[in-house]
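Asks:
Now the structure itself:
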């Protein structure tokens with residue numbers, strides 16, 4: 008503490024201007040100097056992941072600031088900026104997340120509050136603000152964030168160490184093996200670096216980033232790593248890997264990439280319990296993984312880091328592993344909502360095909376990790392199968408994680424719900440509040456996932472009314488305007504305007520769910536569109552060229568693989584990228600006091616589609632013919648199986664899954680039992 | 008330790024005969040004297056639960072030794088005595104369960120081994136041996152058990168305390184609140200007392216029982232309880248309650264009943280976390296419970312203790328609660344196998360209707376607890392609904408817990424299984440080895456659950472080839488011989504032979520699953536048999552009178568309540584008391600490399616029944632028409648729902664659930680998806 012207090016006195020006694028204080032100079036022999044590694048000076052107009060120098064990236068993301076969204080996502084993003092981000096900061100402040108920093112400067116007498124990973128919540132929030140500031144000037148928000156960053160960097164120790172939990176009595180625990188396994192020190196720093204990079208790319212202010220570099224340069228690298236005099240590293244909760252690689256991308260200093268590679272490989276000097284190797288999804292060489300297992304968020308973040316490592320190194324063992332894990336994901340582990348993580352126990356992946364509905368864990372953070380991973384796989388390949396998974400997670404399992412008013416969050420995202428259980432799924436605060444700022448950073452960064460460039464053109468990944476102002480990789484300026492009412496309608500008109508007439512390829516994503524597609528360029532049909540692929544349209548483009556895409560928005564009944572035992576005899580409804588659910592409050596039968604579980608969908612019924620502008624923020628609602636089965640007299644088991652006669656006709660009303668639980672508590676089902684007859 | 012060592016020296020230096028040493032006299036001022044409370048001297052021919060003086064017991068169990076079983080259960084019980092009990096003792100010895108006692112006498116240098124509840128495993132094993140010795144002379148087994156008891160009582164401390172875990176460094180933790188909540192001290196003593204009582208009732212040797220009485224009289228009662236100078240008690244893992252009440256029944260000393268009542272009521276002086284009150288199923292007054300929740304074994308044992316308390320006190324608040332909890336059990340929480348406990352997480356009851364199949368926990372101990380509870384509810388009421396649950400658990404969810412060779416045990420008893428998960432369900436040993444000796448004591452005590460007496464006659468609960476030699480409550484000798492091939496055939500011939508012609512009622516259980524029943528006395532039809540009730544046949548009975556019962560053994564397709572979302576579109580097959588399952592190894596389709604999950608049962612198909620004497624110890628096998636659905640190409644989700652055309656006919660082979668996993672690892676399903684068409 009004496010170091011910290013003297014540092015505070017030092018800072019208070021200087022006459023440095025606020026800007027200089029923010030630059031958080033480095034301390035050496037009592038003097039503060041800048042860190043050795045410096046971020047690239049061209050901080051402006053950077054993407055979420057900067058693949059511009061990544062040799063194994065086929066695609067490069069377009070900056071967040073290059074895309075202005077005006078359609079479907081605009082309202083969610085407006086809520087995010089105006090409601091979620093400010094109210095979440097208030098929640099975090101109220102729950103002591105900032106006094107943890109203030110007490111270390113003697114500004115607060117509150118005790119340490121929150122779990123050991125609480126610092127990361129502030130950092131993730133800062134990252135969200137970074138993306139907001141990349142897109143738009145928000146002077147008030149910037150002021151709050153600047154001040155917060157000042158409080159955070161002020162408690163960095165001369166050694167470079169920065170953490171509000173492992174201090175005082177807990178100081179001896181720092182970076183011990185057990186602490187590394189469960190203590191989230193490097194997880195915190197990973198989120199710190201991601202927040203710092205996003206903030207730097209928004210403002211050019213290196214204050215937070217420089218302090219992060221000092222943590223890595225001064226504290227971590229000299230003392231921890233593979234060297235004989237160094238202590239091993241195990242990341243415990245993967246996150247540091249991808250952040251170190253983004254730090255490499257931000258500074259050009261290869262040591263960060265090498266450190267990430269070392270961590271991904273694991274260090275055999277430490278013996279780690281087999282159960283921890285499964286749970287933590289780290290501690291053995293990443294290429295030894297053969298399936299998704301253990302803690303779902305850890306596994307997804309590890310896959311992100313490993314894909315980032317592949318994108319920089321091209322290590323074929325990594326790619327082979329990543330491809331195998333992705334196959335495991337889509338064949339055995341992925342909820343129809345794009346969520347992952349079947350088990351509350353260990354917040355974990357289950358066995359293959361273990362996808363319970365009411366008990367689904369489907370943590371919002373895991374769905375986000377899934378999207379982040381697939382975005383990286385997409386960059387490596389340009390293959391639309393990864394975009395399909397991204398989109399599925401985004402519109403459903405991530406989107407469900409924030410209420411329409413932006414102030415309530417899901418931790419779990421189950422696919423069925425019964426209010427009699429007493430569970431409250433949407434809450435303003437969780438003591439482990441990882442999910443809320445994670446959703447906030449995702450929505451804030453979303454424009455950065457719309458497009459990528461490649462050597463030969465531009466990829467269109469996501470459809471929404473929007474305007475992109477960017478350039479091709481050869482420097483030719485390019486503007487693309489999307490007009491669409493996606494995801495409610497399947498027609499998209501893209502106006503492609505290069506700065507000058509220019510030959511390049513527009514890669515148009517054809518979603519795997521769209522069976523029939525009509526593509527036209529300036530009114531003329533283009534052949535070759537295949538579901539689940541990018542349609543390459545190569546020509547000389549002139550300003551104002553129009554690409555029209557008409558996707559197949561017919562509602563589709565989905566069935567799960569027969570091995571998903573809980574979904575046998577049930578169907579899910581998807582229309583476009585949106586997965587639907589049945590909520591009790593909407594069912595006529597429910598209004599008559601009947602149980603949601605007694606409703607059956609008629610397999611051969613025709614689904615009616617209508618848009619309800621006043622309902623749940625404006626959504627498409629589906630109506631599907633069904634039956635009300637005769638209520639059972641309370642018996643758990645009875646002889647015989649209900650025959651076709653015991654039912655009356657009804658209409659089932661389905662709403663988008665992501666808006667469930669925005670009204671009174673009500674039963675909900677994504678997978679709806681059907682009747683063949 | 009010095010106390011213990013000096014005690015050992017004292018014992019070694021005495022010239023007392025072995026019998027006198029076994030009597031384990033009490034120590035007072037350096038002298039060993041008998042405990043104040045003494046068990047009733049008439050130890051012979053006692054039942055499992057001695058309701059003979061219980062004012063609110065309508066029925067009284069018939070002693071284990073009064074019934075000789077020669078039919079279905081005889082072979083399981085023979086395996087139990089000849090294979091399970093000896094091999095389990097070897098396993099326990101190998102895993103240090105006895106060196107824990109020996110090291111406290113300086114006879115072993117091994118460290119303490121096993122979890123904190125390891126002593127209880129030896130006690131439960133001793134209880135099993137007690138029931139065996141009640142039924143039959145097994146001199147070798149008795150010798151081993153006698154020696155083991157000698158080792159156990161030798162480590163009792165002068166204070167009366169007896170436990171091999173809370174010694175040395177852990178001694179200060181004894182009976183602290185946290186230890187009481189999680190440490191199983193009283194759980195261990197509960198099993199000790201049950202073991203001691205069963206052994207006393209087998210042999211008349213009070214050695215073990217007296218030491219248990221000393222634990223309660225000298226250590227527990229003076230120091231723990233409601234008094235101002237006493238430390239509160241929370242049982243942590245309920246078990247002590249029912250054992251104290253059986254101790255009351257064994258000694259007539261009401262203080263044990265009062266202590267059990269105090270524990271069941273909870274002590275408000277200690278604040279217990281709400282989550283612990285749920286998990287432990289204790290810590291608040293039992294009558295405040297409104298549903299089954301938390302750890303399933305704890306809840307079932309708590310219900311046993313509470314029912315025992317009702318049987319002695321008639322407290323209407325207890326009965327109201329027990330009836331409500333029982334309704335919760337049969338309406339929301341009971342697996343079709345009689346197992347309970349849906350969740351591995353917390354080994355817990357789930358929400359209402361939460362009954363997953365592959366992930367079912369269904370711990371063997373919980374199914375046993377369920378049977379033990381229902382046997383008590385039956386004693387309170389004479390109502391056959393409780394016998395129905397007992398029988399369902401016994402033939403299925405308990406019976407499955409031990410392999411046919413008696414050497415492998417299930418901890419979990421799932422209702423579906425996929426070998427690709429890598430789970431190994433049957434194992435010779437678990438470090439928490441609660442289930443194996445629990446199954447052993449259940450099978451050993453089973454004859455004690457066949458009959459009860461009432462004021463006006465005799466109740467026949469369970470059917471199996473057997474001979475009962477006992478007497479009515481008025482003292483009239485009574486022999487009943489059952490001839491039957493139950494559970495494979497539904498015909499039972501009971502020869503009722505009172506010692507002299509005598510008027511009394513034979514209460515014949517009509518199982519709830521038997522829709523049509525034919526009852527005859529000496530060939531003459533008797534009306535009034537109703538499924539799920541006891542048929543009262545009152546008459547003057549003469550030696551050799553024959554009662555014939557023909558039950559309805561038609562295989563029955565069962566469906567679960569629509570609210571059990573995992574069982575929608577699936578059916579289970581039951582025949583008599585036996586629940587069936589489909590095991591992959593038996594399916595023709597499986598032999599062609601098809602997946603069990605692609606099989607469908609035809610709802611309207613006719614089930615064929617055959618007895619296979621050479622298969623799995625001799626079982627009925629069912630064949631039911633079904634379909635092999637077209638295998639999916641590995642997709643997790645696909646558009647459209649499989650139509651009627653995509654299948655080929657097959658025959659599904661079903662075996663009794665309890666014999667699953669006795670061959671090569673194979674997929675298994677109790678709930679089989681059906682097709683209406």
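Chains as they are written, first to last, in the numbering used here: chain A, 8 to 684; chain B, 8 to 684.
Note that the Cβ used here is the ideal one computed from N, Cα and C, for glycine as well.
Remember, predicted model here, so these are calculated numbers, not experimental data.
Starting from residue 202/A, trace the beta strand (DSSP E) in both directions and tell me its first and last residue.
Replies: Per DSSP, residue 202/A belongs to no beta strand (DSSP E); it is in the alpha helix (DSSP H), 192-210.
Asks: Can you tell me whether residue 210/A is buried or exposed, with buried defined as 16 or more other CB within 10 angstroms of its CB?
Replies: Buried, by the Cβ-count rule.
Asks: Taking only beta-carbon atoms, is residue 680/A less than 8 Å away from chain B?
Replies: It does: the Cβ of residue 680/A has a partner Cβ on chain B nearer than 8 Å.
Asks: Quick one: is residue 619/A buried, meaning 16 or more other Cβ sit within 10 Å of its Cβ, or exposed?
Replies: Looking at its Cβ environment, which holds fewer than 16 other Cβ atoms inside 10 Å, residue 619/A is exposed.
Asks: Would you say residue 422/A lies against chain B (beta-carbon separation less than 8 Å)?
Replies: Cβ-Cβ to chain B under 8 Å: no for residue 422/A.
Asks: Quick check: what's the CA-CA separation for residue 207/B versus residue 199/B?
Replies: Distance between the alpha carbons of residue 207/B and residue 199/B: 12 Å.
Asks: Any idea if residue 314/A is buried or exposed, counting beta-carbon neighbours within 10 angstroms, 16 or more meaning buried?
Replies: Buried.
Asks: Please confirm if residue 604/A has its CB atom under 8 Å from at least one CB of chain B.
Replies: True, the Cβ-Cβ gap to chain B drops below 8 Å.
Asks: If you drop the 5 nearest sequence neighbours on each side, which residues of the same chain put their C-beta closer than 7 Å to that of residue 445/B?
Replies: Closer than 7 Å at Cβ, skipping near neighbours: 131, 371, 372, 375.
Asks: What does the alpha-carbon distance come out to for the pair residue 160/A and residue 218/A?
Replies: C-alpha separation (whole angstroms): 6 Å.
Asks: Could you tell me the alpha carbon to alpha carbon distance between residue 508/B and residue 55/B, rounded to whole angstroms?
Replies: Straight-line Cα distance between these residues: approximately 29 Å.
Asks: Within the 8 Å Cβ cut-off, does residue 683/A reach chain B?
Replies: So yes, residue 683/A belongs to the interface.
Asks: For residue 65/A, report the span of its beta strand (DSSP E) as first-last.
Replies: Taken as a continuous stretch (DSSP letters only), residue 65/A belongs to no beta strand (DSSP E), as it is neither H nor E.
Asks: Answer yes or no: does any C-beta atom of chain A fall closer than 8 Å to that of residue 302/B?
Replies: Output row for residue 302/B: interface = no.
Asks: If you pair each beta-carbon of the region 567-574 of chain B with each one of the region 374-392 of chain B, do three or more pairs fall below 8 Å?
Replies: Result no; under three Cβ-Cβ pairs closer than 8 Å.
Asks: Going by DSSP, name the residue or residues bridged to residue 614/B.
Replies: DSSP, once it has assigned bridges, lists no residue as partnering residue 614/B.
Asks: What does the alpha-carbon distance come out to for the pair residue 594/B and residue 88/B?
Replies: Going from the Cα of residue 594/B to the Cα of residue 88/B covers about 34 Å.
Asks: How long is the line joining the alpha carbons of residue 463/A and residue 176/A, rounded to whole angstroms?
Replies: Between residue 463/A and residue 176/A, the C-alpha separation is close to 58 Å.
Asks: For residue 269/B, collect the residues of the same chain with a Cβ closer than 8 Å to its Cβ; drop the 5 residues on either side in sequence, then sort them by chain order.
Replies: Cβ within range, chain order: 232, 233, 240.
Asks: Starting from residue 380/A, trace the beta strand (DSSP E) both ways and give me its first and last residue.
Replies: It is not in any beta strand (DSSP E) - residue 380/A instead sits in the alpha helix (DSSP H) that spans 371-388.
Asks: Just list the alpha helix (DSSP H) runs in the region 132-191 of chain A, keeping only unbroken ones of 4 residues or longer that don't cross its boundaries, in chain order.
Replies: For the region 132-191 of chain A, whole alpha helix (DSSP H) runs of length 4 or above, ordered along the chain, are 146-160, 184-189.
Asks: If we cut at 8 Å on Cβ distances, does residue 647/A have a partner in chain B?
Replies: It does; some Cβ of chain B falls within 8 Å.
Asks: Would the beta-carbon of residue 451/B be found less than 7 Å away from any heavy atom of the ligand ATP?
Replies: The ligand ATP is not part of this structure, which contains no ligands at all.
Asks: If you follow the alpha helix (DSSP H) that residue 540/A is in, where does it begin and where does it stop?
Replies: Note, residue 540/A: premise wrong, no alpha helix (DSSP H); beta strand (DSSP E) at 540-548.
Asks: Figure out for me which residue from 660/B, 432/B, 95/B, 300/B has the closest Cα to the Cα of residue 671/B.
Replies: Out of 660/B, 432/B, 95/B, 300/B, 432/B has the C-alpha closest to the C-alpha of residue 671/B.
Asks: Using a Cβ cut-off of 8 Å (strictly closer), state whether residue 21/B contacts chain A.
Replies: Its pLDDT being 34, under 50, residue 21/B is placed unreliably by the model, and the measurement read from it follows with that caveat. Residue 21/B does not count as touching chain A.
Asks: Establish whether the CB of residue 339/B and some CB of chain A are separated by less than 8 Å.
Replies: Residue 339/B counts as touching chain A.
Asks: Output the distance between the C-alpha atoms of residue 118/B and residue 125/A, rounded to the nearest integer angstrom.
Replies: If you take the alpha carbons of residue 118/B and residue 125/A, they lie about 41 Å apart.
Asks: Can you find a CB in chain B that lies within less than 8 Å of the CB of residue 636/A?
Replies: So, interface residue.
Asks: Alpha carbon to alpha carbon, how far is residue 227/B from residue 179/B? Give it in angstroms, no decimals.
Replies: So the two alpha carbons sit approximately 16 Å from each other.
Asks: Give the DSSP bridge partners of residue 515/A, in chain order.
Replies: Per DSSP, 467/A, 542/A.
Asks: In the region 554-571 of chain B, which residues sit with their C-beta less than 9 Å from some C-beta in chain A, listed in chain order?
Replies: So the close ones are 563, 564, 565, 566, 567, 568, 569, 570, 571.
Asks: Can you find the residues in the same chain that come closer than 6 Å, C-beta to C-beta, to residue 169/A, ignoring five residues on each side of it along the sequence?
Replies: For residue 169/A, where only same-chain residues beyond five positions count, the Cβ hits under 6 Å are 163, 222.
Asks: Between the C-alpha atoms of residue 134/B and residue 264/B, what's the straight-line distance to the nearest angstrom?
Replies: Each residue's Cα considered, the two are about 21 Å apart.
Asks: Which residue's Cα is closest to the Cα of residue 368/B: 98/B, 354/B, 380/B?
Replies: Residue 368/B has its Cα closest to that of 354/B, out of 98/B, 354/B, 380/B.
Asks: If you drop the 5 nearest sequence neighbours on each side, which residues of the same chain put their C-beta closer than 6 Å to that of residue 248/B?
Replies: Contacts found: 267, 270, 271, 312.
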